[in-house]
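FYI, in the working numbering the residues of the sequence shown are 174 to 353.
Even for Gly, the Cβ is constructed at its ideal location relative to N, Cα and C.
Notes to accompany the following structure.
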Amino acid sequence: MTSGQRGVGVTRRVFGWIALLGCALTLSACGFQLRGASEYAFHRLYISGGGSMGVDISRYIRYGSKGTVVVTNPADADARLEIVNVTNSRMAVSLDANGQAREYEMRSAYTFQLVTPDGRPIIPLNTIRLVRNLPYSDNETTARDSEAALLNRDMQKDAVDQIIRRMEAVKSMPDVKPEE
């Protein structure tokens with residue numbers, strides 16, 4: 174190896190370090206930071222309804238929040254997340270020359286509200302609507318059914334993320350109503 178080849182290797186290494194340092198400085202200067210743990214205005218949450226969606230939300234809060242816990246008794250909660258309705262539907266959106274479906278539109282709607290223990294709304298009744306397209310082929314029935322299940326799961330995950338973000342946006346709990 175000649176001294177000229179060694180000089181090229183050293184130069185590449187130096188420029189590599191400079192590029193790495195530049196990327197690190199750019200990321201730190203632009204305000205980028207990892208999301209971190211979520212903070213909520215309440216410390217104890219009771220989740221009613223939703224089936225597997227309730228389990229997903231509970232898991233997200235258990236592992237991704239600072240100090241908020243999911244309780245099993247509504248009397249112990251500071252807030253109640255009520256998943257009122259979950260609907261899934263499939264509709265043909267395109268047909269071939271024989272009138273057979275070639276593409277379906279899968280729709281999901283998730284209706285929920287966040288209320289205080291006495292029923293006052295924190296987040297009023299709200300519906301999240303999601304739509305995905307599912308190509309259809311008579312030859313690939315098993316694959317289509319698996320893909321439909323994956324799309325439904327993906328829509329549920331998106332809805333959970335949206336519900337979590339909306340709960341994070343609540344900055345304070347309503348004042349306690351005086352006893353009458």
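Please tell me whether, using a cut-off of 7 Å, the distance from the CB of residue i to the nearest non-hydrogen atom of the ligand ADP is below it.
i       : result
Leu-324 : You won't find the ligand ADP in this model; it holds no ligand whatsoever.
Tell me, which residues are paired with residue i by DSSP?
i       : result
Met-279 : Arg-263 and Arg-305
Arg-253 : Tyr-219 and Val-288
Leu-268 : Ala-274
Thr-300 : Thr-284
Asn-258 : Thr-284
Ser-211 : Ser-238
Val-187 : Answer is none; Val-187 lacks a bridge partner.
Val-243 : Leu-218
Pro-294 : Val-288
Which residues bound the alpha helix (DSSP H) around residue i?
i       : result
Arg-232 : 225-237
Run the CB neighbour count on residue i, radius 10 Å, all protein chains shown included, and call it buried at 16 or more, exposed below.
i       : result
Leu-303 : buried
Glu-353 : The predicted position of Glu-353 is uncertain, since its pLDDT is 49 and thus under 50; a value taken from the coordinates is nonetheless stated next. Burial call: exposed.
Asp-318 : exposed
Met-328 : buried
Leu-193 : exposed
Asp-269 : exposed
Leu-363 : What is shown of the chain runs 174 to 353, which leaves residue 363 out entirely.
Ser-238 : buried
Ile-191 : exposed
Gly-195 : exposed
Ala-264 : According to the sequence displayed, residue 264 carries Met and not Ala. Exposed.
Phe-215 : buried
Tyr-236 : exposed
Ala-322 : exposed
Ala-250 : buried
contact_flag[the segment 239-259, the segment 216-228] where n(CB pairs < 8 Å) is 3 or more: Yes: at least three Cβ pairs fall under 8 Å.
Cβ contact (3+ pairs, closer than 8 Å) linking the segment 315-335 and the segment 281-297: yes
Validate contact between the segment 252-269 and the segment 286-302 using beta carbons, cut 8 Å, 3 pairs: yes
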